[in-house]
Amino acid sequence: MRVKIVKDYKAISEAAADVVEAALKGKPDLVLGLATGSTPLGMYEELIKRHQGGMDFSKATTFNLDEYFGLSSDHQASYHYYMEEQLFRHINIDPANTYIPNGINPDPMEECKNYETQMKTAGGIDLQILGIGTNGHIGFNEPGAPFGGTTSLVDLAQETVNANARFFQKLDEVPRQAISMGIKSIMNCAEIVLLANGAHKADAVSQALLGPVTEKLPASVLQLHPNCLFIIDEAAAAKLPIT
Ligand code: PGA
Numbered sequence: 047m048r049v050k051i052v053k054d055y056k057a058i059s060e061a062a063a064d065v066v067e068a069a070l071k072g073k074p075d076l077v078l079g080l081a082t083g084s085t086p087l088g089m090y091e092e093l094i095k096r097h098q099g100g101m102d103f104s105k106a107t108t109f110n111l112d113e114y115f116g117l118s119s120d121h122q123a124s125y126h127y128y129m130e131e132q133l134f135r136h137i138n139i140d141p142a143n144t145y146i147p148n149g150i151n152p153d154p155m156e157e158c159k160n161y162e163t164q165m166k167t168a169g170g171i172d173l174q175i176l177g178i179g180t181n182g183h184i185g186f187n188e189p190g191a192p193f194g195g196t197t198s199l200v201d202l203a204q205e206t207v208n209a210n211a212r213f214f215q216k217l218d219e220v221p222r223q224a225i226s227m228g229i230k231s232i233m234n235c236a237e238i239v240l241l242a243n244g245a246h247k248a249d250a251v252s253q254a255l256l257g258p259v260t261e262k263l264p265a266s267v268l269q270l271h272p273n274c275l276f277i278i279d280e281a282a283a284a285k286l287p288i289t
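Basically our numbering = 1-based index in the sequence shown + 46.
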C-alpha cells in the first residue's frame, strides 16, 4: 500500500480528483467505483469544477459501494439522492451508466446477485474510491465481515448507525441494514484509493495500515491489494510512526 499524507481536507479532495482525472484521461470509458458519506464531498466538488473546465464523463460508468436497505431513491438520506445531488446532476454522465444497489428491491438477494453481474458485465471496476469508518469498515462491511464476501444484505454496526444519524432527523430513522459490495468485490477492483481526514479516523487508519490483516478491521485487507493508495490528512495520520 502507498500512503500520501497531505495538509488538509482540501488537499485530499484535490489529490483524489487528480487520480480520477488521470484515470479518465487514460481510459474515457472508465469504470469508477464511488463512495458516499462526508469524506468524498470535497472530491465531488472538485470533479464538478473540473467538468466545467472540460473533464468528460460521457463514456464513464460508475458503481456505488452501497445503499441503505429500505430507502427509495427519492429519500433524502438515500445514497441515490446523495449521488444525484453531489455529483451526477452536475456532470455529463449518462444516467444509464450509474449503478447503485436498489435498496427497495423486495428480493434483496436477487439485487445483490444482479449487482455483481452488472459489475462483471461492465468489465470490473478500474478505480474504486473508499472512505473508512471509525471502526475500520469499508463500504458497509463492518468488523467481522468475511474477506470472501460479495455484494450482500448486511447489518450495520451500532457505531455506524450512531455516526450516520447526523443525516437523519432521528436516530431510529437510520436503517439497520444495507446492501453493500463485499470485501471480495472491493478487492477485485484494479485500483483503490482510500480517503480519510480528521483525528477521529487516526486509529482506524493506523490499524488498517500497520495492524494485523484481520476481519475485525475490514480495511486491513487492503494491505493485500496490489494497487492501493491511502490519501490522508495530517490529523488522520497522527497515529502513524512516520509523522
Ligand atoms: P464519512 O464515512 O466519510 O462520513 O466519515 C466514511 C465511512 O463510513 O466509510
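Here a beta-carbon is modelled for each residue, glycine too, at the ideal position from N, C-alpha and C. The structure displayed is predicted, hence computed values, not measured ones.
query: Beta-carbon spacing of leucine 111, alanine 81 below 7 Å; result: yes
query: N-terminal and C-terminal residue of the alpha helix (DSSP H) that threonine 167 is part of; result: 154 to 167
query: Touching by the beta-carbon criterion (3+ pairs, under 8 Å), the stretch 195 to 203 and the stretch 224 to 239; result: yes
query: Residue burial classification, aspartate 54 (beta-carbon count within 10 angstroms, cutoff 16); result: exposed
query: Distance, serine 59 Cα to glycine 100 Cα; result: 18 Å
query: Every unbroken alpha helix (DSSP H) inside the stretch 180 to 267 [4 residues or more]; result: 204 to 210, 229 to 233 and 248 to 256
query: Histidine 119 Cβ short of 6 Å to the ligand PGA heavy atom set; result: Just to set this straight, residue 119 is serine in the shown sequence, not histidine. Serine 119: no, Cβ never under 6 Å from the ligand PGA.
query: Cβ distance (whole Å) where glutamate 113 is taken to contact serine 124 below 8 Å; result: 7 Å
query: CA-to-CA distance, leucine 268 to methionine 47, given in whole angstroms; result: 7 Å
query: Nearest-angstrom Cβ-Cβ length linking alanine 209 and glycine 179, presumed shorter than 8 Å; result: 7 Å
query: The ligand PGA heavy atom lying under 6 Å from the CB of serine 84; result: yes
query: DSSP state of leucine 270 mapped onto helix, strand, coil; result: helix
query: Cut-off 8 Å between Cβ atoms - residues of its own chain near arginine 96, not counting five sequence neighbours on either side; result: Ala63 and Glu67
query: Any non-hydrogen atom of the ligand PGA within 6 Å of glycine 169 CB; result: no
query: Between the CA atoms of glycine 190 and lysine 216 - distance to the nearest angstrom; result: 27 Å
query: Contact test: glycine 88 Cβ vs the ligand PGA heavy atom, cutoff 6 Å; result: no
query: Burial state of methionine 165 (16 or more Cβ within 10 Å); result: buried
query: Any non-hydrogen atom of the ligand PGA within 6 Å of glycine 177 CB; result: yes
query: Where glutamine 174 falls: helix, strand or coil (DSSP); result: strand
query: One or two residues paired with serine 79 in a DSSP bridge; result: For clarity, residue 79 is glycine in the given sequence; the question names serine instead. For glycine 79, which the question treats as bridged, DSSP gives the partners Phe109 and Gln174.
query: Beta-carbon gap between isoleucine 171 and glycine 257 smaller than 7 Å; result: no
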